[in-house]
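Comments concern the structure below.
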Amino acid sequence: MKTQLRLGVIGVGAVVREIYQHLYFRSHYSDLLEICAVADPNEEYRNWFSDLAGLPANRRFASYQEMFAQVELDAVQVNTPDHLHCGPTVDALNAGLDVIVPKPTAATVKDAHAMIQAAKQSGRFLGIDFHKREDPRIKEAEARFQNGRYGTLQVAVLYMLDKLFVANPNHTPRFFASPDFAEKNTPVSFLTVHMADALMKIVNLVPVQVRATGYSQKLPSLKPIAVNGYDLVDTEIRFSTGATAHILTGWALPDTAWSTTVQSSRLICSDGMIDLGLDTPGLREIHREGIFEVNPLFRNFEQDHTVTGYGISSPGRLYQQALALRNGKLSAADHDAAFSPMALGFHTTLVLEAAEKSLAEGKRLASGATLGTVVDLPQLVAAQLGPEAVREYGLG
Ligand SMILES: NC(=O)c1ccc[n+]([C@@H]2O[C@H](COP(=O)([O-])OP(=O)(O)OC[C@H]3O[C@@H](n4cnc5c(N)ncnc54)[C@H](O)[C@@H]3O)[C@@H](O)[C@H]2O)c1
Numbered sequence: 002m003k004t005q006l007r008l009g010v011i012g013v014g015a016v017v018r019e020i021y022q023h024l025y026f027r028s029h030y031s032d033l034l035e036i037c038a039v040a041d042p043n044e045e046y047r048n049w050f051s052d053l054a055g056l057p058a059n060r061r062f063a064s065y066q067e068m069f070a071q072v073e074l075d076a077v078q079v080n081t082p083d084h085l086h087c088g089p090t091v092d093a094l095n096a097g098l099d100v101i102v103p104k105p106t107a108a109t110v111k112d113a114h115a116m117i118q119a120a121k122q123s124g125r126f127l128g129i130d131f132h133k134r135e136d137p138r139i140k141e142a143e144a145r146f147q148n149g150r151y152g153t154l155q156v157a158v159l160y161m162l163d164k165l166f167v168a169n170p171n172h173t174p175r176f177f178a179s180p181d182f183a184e185k186n187t188p189v190s191f192l193t194v195h196m197a198d199a200l201m202k203i204v205n206l207v208p209v210q211v212r213a214t215g216y217s218q219k220l221p222s223l224k225p226i227a228v229n230g231y232d233l234v235d236t237e238i239r240f241s242t243g244a245t246a247h248i249l250t251g252w253a254l255p256d257t258a259w260s261t262t263v264q265s266s267r268l269i270c271s272d273g274m275i276d277l278g279l280d281t282p283g284l285r286e287i288h289r290e291g292i293f294e295v296n297p298l299f300r301n302f303e304q305d306h307t308v309t310g311y312g313i314s315s316p317g318r319l320y321q322q323a324l325a326l327r328n329g330k331l332s333a334a335d336h337d338a339a340f341s342p343m344a345l346g347f348h349t350t351l352v353l354e355a356a357e358k359s360l361a362e363g364k365r366l367a368s369g370a371t372l373g374t375v376v377d378l379p380q381l382v383a384a385q386l387g388p389e390a391v392r393e394y395g396l397g
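Quick look at the structure:
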C-alpha cells in the first residue's frame with residue numbers, strides 16, 4: 002500500500018506562496034506528499050519554490066510536458082491561472098496521474114467538462130480545492146440546512162469584499178505581482194466562485210439563471226496606474242426552485258477595513274434563517290496599527306511551526322482521497338460523492354462563465370455601472386456542450 006504521493010507542482014505563483022507552501026512543507030498532510038518536481042515558465046518563481054523544496058536542477062522545468070517525460074509521478078497540482086487549468090489537468094489524467102486544482106475548476110464549462118470527462122475516463126482522481134467547503138461554519142450550516150431545520154431556501158445574500166490594496170497595482174508592496182491582475186481576474190472569477198460554491202454546497206440546489214450588475218467607479222480612478230476592471234459585482238443567481246441569491250463581491254473597500262476580506266451571508270428560508278458571520282471568526286485584535294479581525298480558522302500558524310486551518314485541510318483531504326483511490330480504499334459512496342458535478346465544481350464554473358457573459362453583453366452606463374443581460378444556464382450548456390450535457394449536469 003502506498004503511503005505517499007510523488008507530486009509534481011505545475012505553477013508556483015501567488016496561491017502557492019500564500020497557501021500551498023504551508024500544505025506541502027509544514028502541515029499534517031506534508032508526510033503524504035513527496036515533492037518531486039516543479040514546472041513553471043517563470044524562472045524567478047520556479048527557483049524560489051525549488052529552493053524551498055530542495056529540488057536539484059534536473060527537477061526544475063519550464064514546461065510540464067517535459068516534467069511528465071522525465072520524472073515519475075503519481076499526482077500533480079495544477080496552480081496555473083483559471084483559463085490554463087484544463088490543458089495540464091487533462092494531460093496529467095491521461096498520463097495516469099491524480100490531479101488537484103485550486104478553485105475554480107476552470108473559466109468555462111467547456112474546459113470544466115473536458116476535465117471531468119478525462120477524470121471519468123482515466124479512473125484517476127480529480128479534486129477541486131474550494132476551501133470554504135471545509136470551513137466548520139459552512140459545514141455546520143450545511144448539516145443543519147440539509148436536516149430540514151430551516152425549510153426551503155427563498156433568498157440568500159452573500160458578500161465578500163477585499164480591501165483595495167488587493168486590486169491596486171499602485172500599492173507598495175504589491176499584493177499580487179502583476180499590474181493587470183484586476184483586469185485579467187474579475188471579482189466574479191476570484192471571489193464570487195467561493196461564495197457560490199459554499200452556498201450551493203449548503204443548499205444543494207442547481208442554478209438555472211444568472212444576471213450580473215457591475216460597478217466600475219473606483220478602479221479606473223487609481224493613479225498613476227488606472228485599472229480597467231470592476232470594483233464590485235452583484236451576481237444574481239436563480240435556482241431551479243425559484244430561490245434567488247445575490248452574491249456581492251469586490252475589491253475596492255478602503256484599506257482601513259478590519260480584515261483583508263470582509264465577508265458575511267444571510268440565508269432566508271421558509272422556516273428560519275441562517276446568518277453566517279464570516280466577518281467575525283473569533284479573534285479581534287486592537288493593535289497600534291488598527292483593529293483587525295484575524296481568521297485562525299483559515300490559516301493558523303501554530304507554535305510548533307505547523308500550519309493548520311481549513312485553508313490547509315481542504316486540499317489535504319483531497320490528497321487523502323487521491324491516495325485512498327490509488328490504494329483501492331476509496332468507498333463507492335465516497336467515490337460517487339467525489340465525482341458528482343457539484344463536487345467537481347461544474348455548477349460553480351457555470352455561474353462564473355454566465356456572470357462574465359452577462360456583463361460582457363450588458364449595457365454600460367455613463368456612471369460606470371454595467372447592467373448585465375439575463376443568461377439562461379441550460380441554454381448556455383446546450384450551446385457549449387450539447388443537449389446530452391444539460392441532462393448530465395442536472396439542468397433539464
Ligand atoms: N484557494 C484560493 O483561495 C485561491 C487564491 C488565489 C488563487 N487561486 C487560484 O489559483 C490559481 C493560480 O492563481 P495565482 O494567484 O497563484 O496566479 P499567479 O499568476 O500568481 O501564478 C500562476 C503561475 O502559473 C504559471 N504558469 C502559467 N502557465 C503555466 C504552464 N503552462 N505551466 C506551468 N506553469 C504555468 C505562471 O508562470 C505563474 O507562476 C488560479 O486558478 C486562482 O484562481 C486560489
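Heads up: the sequence shown is residues 2 to 397, going by the working numbering. Virtual Cβ for every residue (Gly too), placed ideally from N, Cα, C.
6 Å CB neighbourhood of residue i in its chain, flanking five on each side removed
i: Lys358; result: Val376
i: Gly251; result: Leu162, Pro188, Asp232, Leu233
i: Ile203; result: Ala142, Glu143, Phe146
i: Lys364; result: Leu372
i: Glu35; result: Gln5, Arg7
i: Ser266; result: Leu159, Leu277
i: Thr374; result: Ser359, Glu362, Gly363
i: Asn296; result: Pro282
i: Val167; result: Phe176, Trp252
i: Arg60; result: Ala38
Cβ-Cβ distance between residue i and residue j below 8 Å
i: Asp276; j: Glu294; result: no
i: Asp335; j: Gln322; result: yes
i: Asp235; j: His247; result: yes
i: Lys164; j: Phe131; result: no
i: Phe314; j: Glu135; result: This sequence places Ser at residue 314; Phe is not what is there. A contact, by the Cβ cut-off of 8 Å.
i: Gln71; j: Ile101; result: no
i: Ala38; j: Met68; result: yes
i: Ala356; j: Thr245; result: no
i: Arg327; j: Asp83; result: no
i: Tyr216; j: Ala370; result: yes
i: Tyr151; j: Gly273; result: yes
i: Leu94; j: Ser123; result: yes
i: Lys121; j: Phe340; result: yes
i: Thr81; j: Met201; result: no
i: Leu98; j: Leu324; result: no
Straight-line gap, residue i to residue j (C-alpha atoms, nearest Å)
i: Arg212; j: Ile269; result: 20 Å
i: Arg125; j: Val16; result: 24 Å
i: Glu354; j: Ala108; result: 6 Å
i: Leu378; j: Leu249; result: 20 Å
i: Val156; j: Leu56; result: 51 Å
i: Lys330; j: Phe26; result: 25 Å
i: Val91; j: Arg300; result: 30 Å
i: Ile292; j: Thr153; result: 38 Å
i: Ile20; j: Gly312; result: 7 Å
i: Ser1; j: Glu237; result: Nothing can be reported for residue 1, as the shown portion of the chain is limited to 2 through 397.
i: Asp181; j: Lys219; result: 15 Å
i: Tyr30; j: Gly317; result: 6 Å
i: Lys3; j: Arg289; result: 50 Å
i: Ser190; j: Gly9; result: 25 Å
i: Glu45; j: Glu73; result: 24 Å
i: Gln380; j: Asn186; result: 25 Å
i: Gln304; j: Ala40; result: 32 Å
i: Ala338; j: Ala384; result: 27 Å
i: Pro89; j: Pro221; result: 34 Å
Cβ-based neighbour list, residue i, same chain, cut-off 8 Å, excluding 5 preceding and 5 following
i: Asn171; result: Leu223, Lys224, Pro225, Ile226
i: Phe302; result: Val308
i: Val382; result: Val110, Leu351, Ala390, Val391, Tyr394, Leu396
i: Leu254; result: Leu162, Asp163, Lys164, Leu165, Val263
i: Glu184; result: Val228, Asn229, Gly230
i: Leu284; result: Glu294, Val295, Asn296, Pro297
7 Å Cβ shell around residue i - same chain, five flanking residues per side excluded
i: Lys133; result: Ile139, His195, Asp198, Ala199
i: Cys87; result: Ala107, Asp112, Ala115, Met116
i: Leu345; result: Thr106, Ile117, Leu127, Ile129
i: Gly395; result: Val207, Pro342
i: Asn169; result: Leu223
i: Leu319; result: Ile101, Gly128, Asp130
i: Ala58; result: none
Counting pairs of Cβ atoms below 8 Å between the segment 205-222 and the segment 237-252, do you hit three or more? yes
Does the segment 6-20 come close enough to the segment 40-57 that 3 or more CB-CB pairs lie under 8 Å? Cβ pair count under 8 Å is three or more, so yes.
Extract the residue ranges of the alpha helix (DSSP H) inside the segment 170-231, only unbroken runs of 4 or more that lie entirely within it. 182-185, 194-204
Which runs of the beta strand (DSSP E) at least 3 residues long sit entirely within the segment 115-158? Give them in chain order. 127-130
Ignoring anything shorter than 3 residues, give me the beta strand (DSSP E) runs that lie fully in the segment 89-117, in order along the chain. 99-103
Alpha helix (DSSP H) runs wholly inside the segment 50-76, at least 4 long, in chain order: 65-71
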